[in-house]
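Here the structure is laid out as C-alpha cells; the discussion comes afterwards.
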Amino acid sequence: MSPVDSGETIEARRHRLSSLPRAVRCDRTVPCANCRVAKITCRQPNDKPSRQRQADRVANQQSLVERLERRLEEVESRLATVEQSPPASATVAPALDSRTATERARSACQDDDSAITGVLLERLQTNIRSSDGLSKSNFFFRKSTAHSVPAPQPLPATLVTCILRRIRARRPIILCSYAIGDVSIVESLCQRVYSTSELASPGEIASMHGTLYFVLKELIEFKDPLCEKFDLSTYLDHCEHNFAAAVETYEVLTIPSFENILAIGMGMIKSQGEGKPYLYWKLVSAAVTHCQSLGYHRQSTYRDMPPQEAENIRRLFWTLYTFDKNMSLVLGRSSFAQYLDIDVQYPAVSTDPALRAWDESFIMGIRLADLQGRVFTNLYFSGTMVRDTPARKQLISDLAVAMDSWHAELQQINPDGVNGAEVFSLSRGNWEILFYSTQTLLFHASSTIGGEAQISPKSFTAARNSLCAHLDVFPRYQEAQLLSDSDYCNWILLSSSLVPFIVTFLYAIAAKDPNSTVLLEDVLSTLKSFRSFSRGSENLYQICSTFTQVARKLVQSQQWLPTTGGVYTQQQQQGPLPILDISQNPSLFEPGFFQDALFDGSSAANLGGFDGLDPTYTSDILNGWLSGPPFPWDKLDVDFGNCSR
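With the sequence shown counted from 1, adding 13 to any position gets you my numbering.
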C-alpha cells in the first residue's frame with residue numbers, strides 16, 4: 014500500500030521526501046556543475062587517479078620488500094648465532110626436548126616464512142639477472158640437469174683492490190685494444206662477483222677471472238712492483254682455474270648476454286694462446302651466435318643505449334668479427350659472421366694519444382678481416398668461388414690493390430704518446446707477418462689457372478716477406494722479454510707461417526735457389542725452440558724440418574725436378590714458375606721422391622741427423638696442399654704417431 018492510501022498528510026510526505034538523496038544530473042565534468050551548486054561530493058566510477066594507483070602499488074611492493082628484508086636479516090642473524098655458538102652439551106638436550114608443542118609450531122612457522130623469503134629473493138634475483146629481456150628458460154632443455162657453477166675460490170680482496178688501482182693508474186695492453194676499452198667494465202665485474210647482496214652469474218665470474226688472468230699475466234711479464242707484494246704466479250693459476258670452470262658451463266655457451274660473450278671472447282684468446290684452433294673455432298661459433306641473437310650486428314640495436322654501453326658492445330662485436338675472419342682463412346672454413354648482414358658502425362677512435370694509435374690499429378684489423386673474408390669467399394670457398402679465368406684474374410688484381418692500400422694506411426698510424434710504446438712497436442711486426450701471409454694466399458689463387466700448378470712471382474715474394482718479417486720481429490721479442498716464446502708461437506706463427514714456408518720450399522726446389530734454402534734454414538732454427546710447446550708447434554717443426562732438408566739436398570746436388578726439365582733461367586723467372594701439369598699428373602711428388610731426395614739410396618734407419626716426418630707422409634701433405642684448397646692447418650693439429658722419426 015502506498016503512503017497516500019494510508020492517509021499520509023502533505024506535511025508528512027514533504028518531510029519524508031526531503032530526507033531522501035536528491036538525484037543530480039551530471040554534465041560529465043569533474044566536479045560537475047550540479048554537484049558544485051548542491052555543494053556535495055562529486056563521485057564517478059573508477060575515479061582514483063592512475064598515478065595514485067601506481068603509487069599505492071609501489072608502496073605495497075616496497076612494504077613487501079621491507080618485510081622480506083627484515084625476515085632475511087632475522088634468518089641471517091639466527092644462522093650467525095648458530096655458527097658461533099659451541100656444540101650443545103648433553104645437559105642442554107633435555108631442555109630442548111621439553112619445548113611445548115606451541116613453541117615447536119611457532120618455530121615451524123618461522124622456518125616456513127624463512128623458506129618462502131629465500132624463494133622470493135631468489136626469484137627476484139633471477140629476474141634482475143635476466144639478460145636483454147630473454148628468459149633463461151628458453152635456453153635450457155625441459156628436463157635439463159645443468160648444475161650451478163661451483164663457488165669459485167675468490168682471489169684476496171686486497172689483491173683485487175690493488176689490481177683495480179693499478180689499471181686505473183696505468184692501463185694494461187689488454188685494455189687498450191680489441192675486446193675491452195673501458196676500465197669501468199672490469200671494476201663493475203669485480204663489484205658484482207665480490208658483492209654479498211647478489212649472486213654473480215657464471216658469465217660474470219668467467220669474464221672477471223678471464224680479464225684478470227690476462228692482466229696478471231701482463232703484470233708478471235712486465236715485472237710489476239705488485240710481484241713483490243703478492244705471489245702473482247700462484248694467483249694466475251687460481252684465476253685460470255676459476256675461469257675455465259665458469260666458461261665451460263652450459264649457461265655461458267648457450268644464453269646470450271654481454272658478460273657471456275665477453276667470457277667466450279676471453280676463452281678464444283686463451284685457446285689461441287694454447288695452440289688449440291678447433292676449440293677456438295667452437296667458441297667463435299657460440300660468440301657470434303650470441304651477438305646475432307642480441308642484434309649486436311645491427312645499428313638499430315644501439316639507438317636507445319647509453320653512449321658508453323653502446324661503444325663497449327660495438328667493440329666486443331667487432332673483436333669477434335675479426336677473430337672469426339682470421340680463423341676462417343686459417344682453417345679454410347666459412348665464417349659465421351657474414352658482412353652482408355652487418356650495418357653496425359666501427360668502434361670510435363679515442364682522442365687520447367695514449368689510446369688513439371691502438372684504436373686506429375683496431376679499425377685496420379677489422380678492415381684486414383674484411384679483405385681476408387673476400388679472399389676466402391671469392392677465391393677458395395666452393396659455393397661462391399669465382400671460376401671464370403678473366404674474372405678471377407681481375408678479382409685478384411682488385412684485392413691486391415686494396416691490400417696494398419691497406420698496408421700503406423697502416424704504416425701512416427702515428428704512435429707518438431701511445432700507451433705501451435715498445436709493445437705497440439713490436440705489434441707492427443705481427444701485422445707484417447699476417448699481411449704477407451694473407452697476400453701469399455691471395456696470389457696463390459692464380460697458381461692453377463690454365464690447369465698447371467705454378468708459383469707466381471708475387472706469391473713467392475709475399476711468402477718470402479712473411480718469413481723475413483718473422484725473422485725480424487722474433488729476436489726483438491726475445492730481447493724485450495715482453496712475450497713468452499709459447500705465446501708468440503701459438504698466437505702468431507701457427508696461424509700464419511706454414512703456407513709461406515711451403516711456397517718458399519716449392520720455389521727453392523723448382524728454381525734451384527740457394528737463397529731460398531738459406532731462408533728456410535734460418536726460419537727452421539727459430540722453430541726449434543718452439544717445438545715442445547704444443548702438438549701444433551711440434552708438428553710445424555717436423556714438417557718444416559723435412560721440407561728444409563729436402564730443399565738443401567736437392568739444391569746442393571743440382572738434381573732437377575722431372576717436371577721442370579732443367580735450369581730455370583732468369584728470363585723465365587719474370588713469369589710464373591711451372592711445377593706440374595695437373596691435367597696429366599695430379600700428384601707432384603710420388604712417395605719415393607722424398608725417399609730418394611733425403612737418403613740417396615741409403616735406408617732411413619741408417620741415416621743419422623734426420624729430424625722430420627716420414628717421407629711418405631710428407632708427400633701426402635704437399636700433394637694435398639697443391640691439389641686442393643691451401644689450408645693445411647689440420648695437419649698441425651693431428652697426432653702423427655709413427656709418421657715422425
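C-beta: ideal position from N, C-alpha, C; glycine also. Predicted model only: the values in this text are computed from it and were never measured.
Contact check between the region 291-304 and the region 241-251: fewer than three CB pairs, one atom from each, fall below 8 Å, which does not count as touching. Within the region 500-563, the complete alpha helix (DSSP H) segments of 4 residues or longer fall at 511-524 and 527-540, listed in chain order. Close CB contacts of Ile282 within its chain, under the 6 Å cut and outside five residues either way in sequence, are absent. Annotation: the continuous alpha helix (DSSP H) that includes Ser479 extends over Pro470 to Ala493. DSSP links Gln452 through a beta bridge to no other residue. The C-alpha of Pro320 lies about 53 Å from the C-alpha of Glu534. DSSP places Tyr334 inside the alpha helix (DSSP H), whose first and last residues are Pro320 to Leu344.
In the DSSP assignment, Gln358 falls outside any alpha helix (DSSP H), carrying neither H nor E. Rounded to the nearest angstrom, the Cβ distance from Trp646 to Leu344 is 5 Å, consistent with a contact under 8 Å. Here DSSP, grouped into helix, strand and coil, assigns Gln467 to strand. Around the beta-carbon of Gln75, fewer than 16 other beta-carbon atoms lie within 10 Å, marking it exposed. For His222, the closest C-alpha among the options Phe256, Ala192, Pro238 and Ser214 is that of Phe256. Residue range Pro366 to Leu392 is occupied by the alpha helix (DSSP H) that includes Ile379. Between Leu333 and Val297, the gap from beta carbon to beta carbon is short of 9 Å.
Using a 10 angstroms sphere on the CB of Leu353, the tally of other CB atoms stays under 16, which defines it as exposed. Note that the region 359-377 does not touch the region 224-231; fewer than 3 beta-carbon pairs, one per stretch, sit closer than 8 Å. In the DSSP annotation of this structure, Lys289 is not part of any alpha helix (DSSP H), being labelled neither H nor E.
Cα atoms of Ile268 and Trp331: separation of roughly 20 Å, rounded to the nearest angstrom.
Looking from the CA of Phe389, the closest CA among Ser341, Ala367, Gly288 and Ser418 belongs to Ser341. With a cutoff of 9 Å on beta-carbon distance, Glu231 and Pro185 are scored as near each other. When secondary structure is reduced to three states using DSSP, His28 falls in the helix class. For Leu177, the uninterrupted alpha helix (DSSP H) run begins and ends at Ala170 to Ala182, by DSSP. Here the C-alpha atom of Lys525 lies approximately 32 Å from the C-alpha atom of Arg548. As for any alpha helix (DSSP H) of minimum length 4 sitting wholly inside the region 238-320, the runs are 239-242, 245-260, 263-267, 271-286 and 290-307, ordered along the chain.
The continuous stretches of alpha helix (DSSP H) do not include Glu21, and DSSP gives it neither H nor E. Under the Cβ criterion (8 Å, minimum of three pairs), the region 440-454 counts as touching the region 475-490. By the neighbour-count criterion, in which 16 or more other beta carbons inside 10 Å mark a residue as buried, Asn432 falls on the buried side. With a threshold of 16 other beta carbon atoms within 10 Å, Ala25 falls short and is exposed.
Across the structure, Arg29 and Arg84 are spaced so that their CA atoms are roughly 58 Å apart. Going by DSSP, Cys203 is part of the alpha helix (DSSP H) stretching over Val196 to Tyr207.
Ranked by Cα distance from Cys557, the options Leu511, Val568 and Phe546 are led by Leu511. Assigned with DSSP and collapsed to three states, Arg565 falls in helix.
Annotation for Ile355: His310 place their beta carbon closer than 7 Å to its own, counting only its chain and skipping 5 residues before and after. The beta carbon of Val173 is closer than 6 Å to those of Cys203 in its chain, skipping five residues each way along the sequence. Two segments are said to touch when three or more pairs of C-beta atoms, one from each, lie closer than 8 Å; by this definition the region 371-388 touches the region 415-424.
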